[in-house]
Amino acid sequence: MQIHISPHDGVPIYQQIVNQVKYLTASGRLAAGEQLPPVRKLAEQVLVNPNTVARAYRELEQAGVLSTRRGAGVFVAEGVSPLSRREQNRILNERLDQLLAEARQMDVDIETLAKLLRQRNTKMGDGNS
Amino acid sequence: MPDTVINVEHLTRRFRRTTALDDVSLEVPAGTVMGLVGGNGAGKTTLIKHLLGLLKAKTGSVRVFGLDPVTDPVGVLGRIGYLSEDRDLPQWMRVDELMQFTRAYFPQWDETYAAQLREMFDLDPKQRVKSLSRGQTARLGLLTALAHRPPLLVLDEPSSGLDAVVRRDILAAIIRTVADEGRTVLFSSHLLDEVERVADRIAMLHNGKLVLSDELQTLLDGHTRLTLRFAEPCESQPSLPGALSCDGEGHEWTVICNGHVAELRTAAEKQDATIVEEAKPSLEEVFVARIHGGSRSDTPANS
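Protein sequence lines correspond, in order, to chains A and B.
Everything in the first sequence is counted per our numbering, starting at 1 for the first residue and increasing by one.
Everything in the second sequence is counted per our numbering, starting at 130 for the first residue and increasing by one.
Okay, here's the thing in C-alpha cells:
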C-alpha cells in the first residue's frame with residue numbers, strides 16, 4: 001500500500017491517510033479482505049506520528065472501510081459498503097466539476113459535452129475489445 | 130517511571146539585560162513527542178540546556194524524571210539521548226573509538242543495536258570524525274544518542290543544515306523511539322512541516338514566553354483559515370475582530386483565527402464580504418499567524 005503525505009496541501013495528515021485509503025479501496029487497488037500494515041509500520045514508512053496513523057485507522061473503521069480482527073490486524077472490510085459507493089461518487093464528482101468548468105469556459109453546452117463523453121466511451125470500448 | 134517525564138515550573142532566565150526565558154511552565158507526559166517551536170532566539174536552546182543541567186534554574190524549577198538535572202546529573206543524563214545542533218563530537222577520534230568512548234558513560238549501551246545503527250547509517254568504523262561529511266556527522270551523533278535506548282530523547286534542531294535523506298533518518302529515529310515502549314521525545318525545530326508530521330504536542334516559544342502548549346491535533350482543529358472576498362477592494366488591511374492574522378490585497382484577504390468563526394462571519398457580512406474558502410491551516414500557518422500576526426492583531430493570543 002502506497003500512501004504519500006504532502007505537508008503543504010492544506011489537508012490534515014490523518015485526513016490525507018483516510019482519503020488515500022478510501023481512494024485505494026474505491027479504485028480497487030486495495031481489495032476486500034486485504035491486510036493493511038500495522039500502525040507502527042505505516043508510521044515508519046510514511047514518517048508520521050503513530051497516533052496519527054491510529055486515528056486514521058479508527059476513522060476508517062468507523063466508516064466501515066476497514067475492520068480490525070483482534071490479534072490478526074487491520075483488513076479492508078468485506079463487501080462494497082454504501083460508503084465506498086458514496087466515495088466513488090465523490091471522486092467522480094470532483095473530476096466532473098473540473099470538466100464542467102472547462103467546458104463552460106469554452107462555451108461548450110451540456111448536450112455537446114454528453115455527446116463527446118459517449119463518443120469517448122465507445123472509443124474506449126472498441127479499444128478494449 | 131513517573132507519568133510526567135519533564136516538569137518545568139515558572140522558569141525565568143536572564144542573560145544580562147535580555148530575558149531568554151520568561152516564566153515558562155511546561156509538562157511533557159511520558160510517551161509523547163513534544164515539538165518545541167519558535168523563531169531564532171525564542172529561548173528553545175536555553176530551555177533545553179536547563180533540562181540537561183547545563184544551566185541552573187535561578188528562578189523556578191526544572192525536574193526531569195522527577196530529579197533535578199543540576200544536582201543529579203548521573204540520574205538524569207544517563208537516561209537522556211541528546212543530539213545538539215552543532216553536533217560537537219571529538220574531531221580526532223575514529224568512529225569506533227567514539228562508540229567505545231560513549232559506551233563507557235552509559236551502562237545501558239546496547240552493543241548490538243549500536244552495530245545495527247552503524248551499518249544502517251553506513252558509517253566506516255575506521256574513519257576519523259573530522260573527515261566525516263556533515264550528514265555522516267549528524268548520523269554518528271544520532272547513533273550515540275540512540276544506542277543506549279534512552280527513555281528520553283532530546284534533539285535540538287536536529288535537521289538544521291542537513292539534506293533530505295539524513296532528515297528522514299532523524300524523523301524515523303523519532304518515530305521508532307515513541308513507537309517503542311512509550312519512550313519520550315523532545316525536539317526543537319524550525320522545520321514546521323517536519324514537526325507537524327511527528328509531534329503529538331506542541332510548545333511554542335516567542336521572546337522567551339510560552340505562547341502555546343497543546344496537543345497538535347487540538348491546536349490544528351481549533352484554528353481556521355478563512356478567505357474573504359470583499360465587494361469593494363480594500364486599500365488597507367480590513368479590521369476583523371477575532372482574526373489572529375490577516376493577509377491579502379484588493380478584493381481577497383485570508384485570515385487565520387482560533388475559534389471566533391461566527392464572529393468573523395458577522396464582521397464579514399457587515400463589511401460586504403463573503404467567505405469564499407474555509408479550511409484548516411497547517412502548523413506553519415498557525416505559527417506565522419501567532420508569532421508575526423500577533424503584533425497586528427486586535428485579539429491577543431488566548432489559548
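Backbone N, C-alpha and C fix where the C-beta goes; we use that ideal spot for every residue, glycine too.
Assigned with DSSP and collapsed to three states, Arg268(B) falls in helix. In terms of CA proximity to Val39(A), Asn49(A) leads the group Gly33(A), Ala31(A), Asn49(A).
For Leu47(A), the neighbours in chain B by C-beta distance under 8 angstroms run, in chain order, Arg297, Leu300, Ala301, Ile304, Arg326, Val327. Contact between Ile135(B) and Val157(B) holds: their C-beta atoms lie close to 4 angstroms from each other, under 8 angstroms.
The residues Ser154, Gly189, Ser190, in chain order, have a CB closer than 7 angstroms to that of Glu138(B) in the same chain once the five nearest residues on each side in sequence are set aside. Note on the segment 226 to 286 of chain B: whole beta strand (DSSP E) runs with a minimum of 3 residues are 281 to 285, in chain order. Annotation: Leu300(B) to Val46(A) spans about 10 angstroms, alpha carbon to alpha carbon.
Comparing C-alpha distances from Gln16(A) to each of Pro37(A), Val53(A), Gln105(A) shows the shortest one belongs to Val53(A).
For Asn387(B), the number of other beta carbons within 10 angstroms of its own is at least 16, and it is reported as buried.
The Cβ atoms of Val405(B) and Arg358(B) lie closer than 7 angstroms to each other. From the beta-carbon of Glu94(A), no residue of chain B is found nearer than 8 angstroms; the closest lies around 16 angstroms away. In chain order, Gly73, Phe75 place their CB closer than 6 angstroms to the CB of Gln35(A), counting only its own chain and leaving out the 5 sequence neighbours on each side.
Collapsing the DSSP output to three states places Gly351(B) in a helix. For Ala43(A), the nearest CB of chain B lies under 7 angstroms from its own CB, placing it at the interface with that chain. Here Thr147(B) is bridged, per DSSP, to Phe144(B). Per the Cβ contact rule, the segment 162 to 172 of chain B is in contact with the segment 318 to 333 of chain B (3 or more Cβ pairs under 8 angstroms). With contacts defined by Cβ atoms closer than 7 angstroms, Leu60(A) and Val21(A) form a contacting pair.
Under the DSSP assignment, His179(B) falls in the alpha helix (DSSP H) whose first and last residues are 173 to 180. In the structure shown, Thr25(A) adopts helical secondary structure according to DSSP, grouped into three states. Counting along the chain, Asn51(A) sits inside the alpha helix (DSSP H) bounded by residues 50 to 62. Per the DSSP secondary-structure output, Lys338(B) pairs in a beta bridge with His335(B). Within a 10 Å sphere around the beta-carbon of Arg69(A) sit fewer than 16 other beta-carbons, which makes this residue exposed. Between the alpha carbons of Leu30(A) and Leu92(A) lies a distance of about 18 angstroms.
With distances taken between CA atoms, Thr313(B) lies nearest to Gly160(B) out of Thr403(B), Gly160(B), Gln237(B).
In this structure, Cys375(B) is the residue among Cys375(B), Gly264(B), Thr200(B), Glu413(B) with its C-alpha nearest to the C-alpha of Gly422(B). Taking a Cβ-Cβ threshold of 9 angstroms, none of the residues of chain A is close to Asp292(B); the smallest such distance is about 15 angstroms.
Setting aside the 5 residues that flank it on each side, Leu246(B) is surrounded in the same chain by Leu272, Leu275, Ala276, each with a C-beta closer than 7 angstroms to its C-beta; the list follows chain order. The Cβ-Cβ distance between Val283(B) and Leu315(B) falls below 7 angstroms. Note: Met163(B) is bridge-paired with Leu315(B), Arg330(B) in the DSSP secondary-structure output. For the pair Gln220(B) and Lys259(B), the CB atoms are nearer than the 7 angstroms cut-off. At a cut-off of 7 angstroms between beta-carbon atoms, Asp322(B) makes contact with chain A. Under the three-state reduction of DSSP, Arg85(A) is assigned to helix.
Ranking Thr200(B), Arg354(B), Leu196(B), Arg268(B) by CA distance to the CA of Asp292(B) puts Arg268(B) first.
Listed in chain order, the non-local C-beta contacts of Thr403(B) below 6 angstroms within the same chain comprise Arg358, local neighbours out to five positions each way being set aside. The C-alpha of Ala391(B) is placed about 37 angstroms away from the C-alpha of Thr133(B).
Boundaries of the beta strand (DSSP E) around Phe75(A): 73 to 76.
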